[in-house]
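Quick notes on the structure that follows.
Residue numbers (this note's numbering): 6 to 484.
Here is the structure:
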C-alpha cells in the first residue's frame, strides 16, 4: 500500500502565561494534600467538594520559600480545610473565597485595609468569572484586563418550553420507568435535530429537567473531566464551545481556523481530536488548558475517526478511502484502501475491522501487510461497531440487533435482540464503565447494554426526538 508522509507539517500553538495561567505546582500539591477532592480547573479556579469556589491571585513576583505554607488567613489562624475567606501563602500567592449574599450576588471579602498581597495580586486573565461577581472598590486592581460581567449573559440554562409533539408518536411512556442501579448518579445530555438546545435528562425520566442553550444546532457533544465539562461543535461555527455543567455556562470558546465536526476523546493523554472535513484537517485540543494545541493536515474529507494503539484511523467520505495516521512515526499517513459505504471502524490484534452499511458485510485487514484477511456477512445495515475486551459488538439498524464477534478467531458468538421495533442509530461506550448506550432514532428510545456480560439491561423512552445520548457522571450544581 502507498505511504505518504504528511509534508504540510504539524502546527504547534502555545498559550501565554497571562492568557492561561496555571496554579504553581507547589500550591496545587498543597491544596490537594489538604483537600484531595478539590478540583483545580484549567482556568485556575479552585472548586472544593462542597462547591466552595476560590479565586487565585498571582503576585507580580513570587517570594522564594523553602517550603510552602499558609502565612495568613482571614479569619485568622485557620487551616485550608476550614475554608477561610482569604488565604495568603508565604510565597505571596493568594486564594479569595467567593461569598454569596443568597440573592444571586457574589463577591469576595471586603477588607478596610487589604494586605499588600491582595492589593497587588492579579486574577487569571482567561478566568471564567462567577456570575454576578462584584469586586470591592479598594481591590479592583486585581481585575486587570478581565471583564467582570454582572449580568450573567453567559448563563445558558433555560427551562423547557419547546414542544416536539409533531415529531413524536407519543410524548410519555405508558408506565413509570424504573431506574437500574447502573444509572444511579448519572445524567443524560440529549441532542436533537430540531433544536439548538442540549436537553439535560435524569436517568429513567422521559421529560428533560432543563436545557443548555447553544448558538447553533449541535453536531457533536462529548463529556470530559468526569462529566464536569461538555465539548460542543455546532453547525456553521468555527469554534469548539466548552460548557461548565456545574453552573450551566459557556466557560470558553476555542477558536479554530475552519468549521469542526466530530470529537474523539483521548482522556488518557488529556487530548481531544476534532475533525474539520472541509479543511482536510484534524485539530488536537489540550484538555488541560482547553486550547488548540496542534493541527494535523490530512488527505480527504474525514469522518468515522478512531484512535487505537497510537494510530488514528479515518474514512475519506467522498472517496470511501480509509487512512491511518501513525502518531508516533512522524505522523506517517498510510492508505489502507477503498471500501464501499464504510459505516464504522474497529482495531485490535493488529487487525482493522471495516463495516459496510449497504453491503451488510465486515472486512478484516491485516495492518502489517494491508492485505485482506477475510470478509463475511454481518447484521443488516451495520451502523456502528464497539470493541470491548476481546468482543466486537456490531449494531444492525434494520433489525435492531447487536452481533457479538470473538476477535480472537473472528467467529460470531451471539446476537442480542433489542426489541425496539424502530431504527437503531448509535452504539457508544459510557466512559469509565462496562456499559454502552444504544439509541433508536425512530422511536426515541435508548437502551443500556452490559458489555462485560453481553446483556441488554433496560430500554427507556424519551419525549425528545433523539439524535444522540451522552451519559456521564452527575456533578453537583452551583447555587
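Glycine is no exception: its CB is placed at the ideal position from the N, C-alpha and C atoms.
Asked, Found
"In the DSSP assignment, the beta strand (DSSP E) including residue 398 goes from what residue to what residue?", "396-401"
"Under 8 Å by Cβ, that's how I've got residue 326 and residue 339 pegged, so tell me the actual separation to the nearest angstrom.", "Their Cβ separation, rounded to whole angstroms, is 11 Å, which puts residue 326 and residue 339 out of contact at 8 Å."
"Please look up how many angstroms separate the CB atoms of residue 258 and residue 246, rounded, as I've assumed it's under 8 Å.", "6 Å"
"For the beta strand (DSSP E) that residue 76 lies in, which residues bound it at each end?", "75-79"
"Would you kindly work out how many angstroms separate the C-alpha atoms of residue 143 and residue 137, rounded to a whole number?", "18 Å"
"Indicate whether residue 204 and residue 216 have their beta-carbon atoms separated by less than 8 Å.", "yes"
"Just how far apart, CA to CA, sit residue 54 and residue 251?", "12 Å"
"Take residue 19 and list the residues in its own chain whose beta-carbon comes closer than 6 Å to its own, dropping the five residues that flank it on each side.", "Its pLDDT being 32, under 50, residue 19 is placed unreliably in this model, and the value from its coordinates should be taken loosely. Result list for residue 19: empty, nothing under 6 Å."
"For the candidate residues 111, 146, 114, whose alpha-carbon lies nearest to that of residue 128?", "146"
"Which same chain residues, not among the five before or five after residue 410, have their C-beta less than 6 Å away from its C-beta?", "397, 417"
"In this structure, how does DSSP classify residue 30 when only helix, strand and coil are distinguished?", "helix"
"Find the nearest neighbour of residue 211 within the set 480, 412, 471, judged by alpha-carbon distance.", "471"
"In terms of residue numbering, what span does the beta strand (DSSP E) encompassing residue 347 cover?", "347-353"
"Is the beta carbon of residue 253 sitting closer than 8 Å to the one on residue 162?", "yes"
"Run the CB neighbour count on residue 323, radius 10 Å, all protein chains shown included, and call it buried at 16 or more, exposed below.", "exposed"
"Assign residue 473 to one of two classes, buried (16 or more other C-beta atoms within 10 Å of its C-beta) or exposed (fewer than that).", "buried"
"Would you identify the three-state DSSP class for residue 41, choosing helix, strand or coil?", "coil"
"Give the DSSP-derived three-state secondary structure of residue 372 in the structure shown.", "coil"
"From what residue to what residue does the alpha helix (DSSP H) around residue 121 run?", "121-124"
"Given a cut-off of 8 Å, decide if residue 443 and residue 392 are closer than it, judged by their beta-carbon atoms.", "no"
"What residues are listed by DSSP as bridge partners for residue 362?", "Beta-bridge pairing links residue 362 to no other residue."
"So what does DSSP say about residue 56, is it helix, strand or coil?", "coil"
"Residue 390 bridges to which residues according to DSSP?", "399"
"Is it buried or exposed, residue 126, if we count other Cβ atoms within 10 angstroms and call 16 or more buried?", "buried"
"Write down every uninterrupted run of the beta strand (DSSP E) in the region 269-338 whose length is 3 residues or greater and which is fully enclosed by it, in chain order.", "276-281, 286-291, 296-302, 307-313, 316-321, 326-331"
"Report the rounded CA-to-CA distance for residue 255 versus residue 290, giving the unit in angstroms.", "17 Å"
"Hey, could you find the ends of the beta strand (DSSP E) residue 255 is sitting in?", "254-260"
"Can you tell me which of 422, 57, 425 puts its alpha carbon nearest to the alpha carbon of residue 105?", "57"
"Is the separation between the beta-carbon of residue 453 and that of residue 415 shorter than 8 Å?", "no"
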